[in-house]
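In our numbering, the protein residues as written are 1076 to 1348. Please read the structure below before turning to the comments.
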Amino acid sequence: MKEDIRTSRLLKQISKIAKSPVLEASAMPPQVYHSEDFFKLEKEQLFARDWICVGREDNTRAPGDFLTWKLGDQPIFAIRGEDSTLRAFSNVCLHRMMPLLEGTGNSKTIVCPYHAWTYGNDGSLRNAPLIEKKVQAHLKRKRLPRIRLEIWKGWIYVTLNKDAKSVASQLEKLEPVVSPYQMENYVSVVHRDYTWQTNWKLLVENFMEGYHLPVVHNKTVGRWFPSKKTKFPRQRCNSFTYQTFIKDETALYGGAHKKNKKLRGIQRHTSIM
1076 MKEDIRTSRL
1086 LKQISKIAKS
1096 PVLEASAMPP
1106 QVYHSEDFFK
1116 LEKEQLFARD
1126 WICVGREDNT
1136 RAPGDFLTWK
1146 LGDQPIFAIR
1156 GEDSTLRAFS
1166 NVCLHRMMPL
1176 LEGTGNSKTI
1186 VCPYHAWTYG
1196 NDGSLRNAPL
1206 IEKKVQAHLK
1216 RKRLPRIRLE
1226 IWKGWIYVTL
1236 NKDAKSVASQ
1246 LEKLEPVVSP
1256 YQMENYVSVV
1266 HRDYTWQTNW
1276 KLLVENFMEG
1286 YHLPVVHNKT
1296 VGRWFPSKKT
1306 KFPRQRCNSF
1316 TYQTFIKDET
1326 ALYGGAHKKN
1336 KKLRGIQRHT
1346 SIM
């Protein structure tokens, strides 16, 4: 009960801050970064309801290619089927709830490490060892729970919300902004996994602004992202905004690929965040 009251008060504080004029803007209450009750609410209202970007499609090109992650507290994997379709499923065996896959890789079948129940990459149960034929025939009608998955510009999005509007419709206003960059043709070069000992919002907030680049990264990327050339278009996409960075032509990276003919002029040196 006390936790509910504290969370309710915190939500009212956040609402007040969000509605304040720009000249009265202030930082978020500290509790949003360390309250367990608030984090529980985020998992229920955000991670369990919104589309979450989980990776790049180019990392799952071949049949059997898979990747795994957790969406809130839900273990999930995506795997490329023999029909070339990328599907997402619950990453939990139907038998004793053992996690099925770990990390990334390629597998023609999905074998539970506990009792060797075996699934196809379409989510169907193929084999349950030492189970009599009559029961096994019934079990083979079972399938791993399917998770909604959509591809947008080469990015993989998933959601636990069956009623969520499509990714494309939600990002419709960004379509003309990002289309010239042809992200669907991007190829992943390096992959790294990091675990940050911090609240997820601190990491996201850091990557949402380039204000710190010339200061914190003045000897590397900060030199190529001058603040004076940063623009903040008034256009919004749902509750989100974006900004553009015009880089110096001498920047070591971030320029348009020579084969990209859709980007012209200053666009060839502009990054969007």
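Cβ atoms here follow ideal geometry from the backbone N, Cα and C, with glycine treated the same way.
Nearest in C-alpha terms to residue 1269, of all of 1278, 1109 and 1089, is 1278.
The region 1133–1182 is shown to contain whole beta strand (DSSP E) runs of 3 or more residues at 1140–1146, 1149–1155, 1161–1165 and 1179–1181, in chain order.
Contact between residue 1189 and residue 1173 holds, since their C-beta atoms are separated by about 4 Å, short of 8 Å. Residue burial is scored here from C-beta neighbours: residue 1148 has fewer than 16 other C-beta atoms within 10 angstroms and is therefore classed as exposed. Rounded to the nearest whole angstrom, the CA to CA distance from residue 1301 to residue 1321 is 8 Å. Rounded to the nearest angstrom, the Cβ distance from residue 1137 to residue 1152 is 15 Å, too far for a contact under 8 Å. DSSP places residue 1202 outside any alpha helix (DSSP H); the residue lies instead in the beta strand (DSSP E), whose first and last residues are 1200–1202. If you draw a straight line from the Cα of residue 1109 to the Cα of residue 1167, it comes to about 29 Å.
Around the beta-carbon of residue 1187, 16 or more other beta-carbon atoms lie within 10 Å, marking it buried. Taking a cut-off of 8 Å on C-beta distances, the region 1082–1092 touches the region 1106–1123, as three or more cross pairs fall below it. The alpha-carbon of residue 1318 is positioned some 40 Å away from that of residue 1196. Closest option to residue 1256, judged by alpha-carbon separation, among 1191, 1082, 1217 and 1333: 1333. Setting aside the 5 residues that flank it on each side, residue 1179 is surrounded in the same chain by 1142, each with a C-beta closer than 6 Å to its C-beta; the list follows chain order.
Residue 1326 places its beta carbon 7 Å or farther from that of residue 1343. Non-local beta-carbon contacts of residue 1297 in its own chain, meaning distances under 6 Å to residues more than five positions away in sequence, involve 1288 and 1289 in chain order. Secondary structure note for residue 1224: its beta strand (DSSP E) is the uninterrupted segment 1221–1227. With three or more CB-CB distances shorter than 8 Å, the region 1228–1239 counts as touching the region 1124–1137. Between the alpha carbons of residue 1253 and residue 1346 lies a distance of about 10 Å. In the assembly as shown, residue 1242 is a buried residue. Its beta-carbon has 16 or more other beta-carbons within 10 Å.
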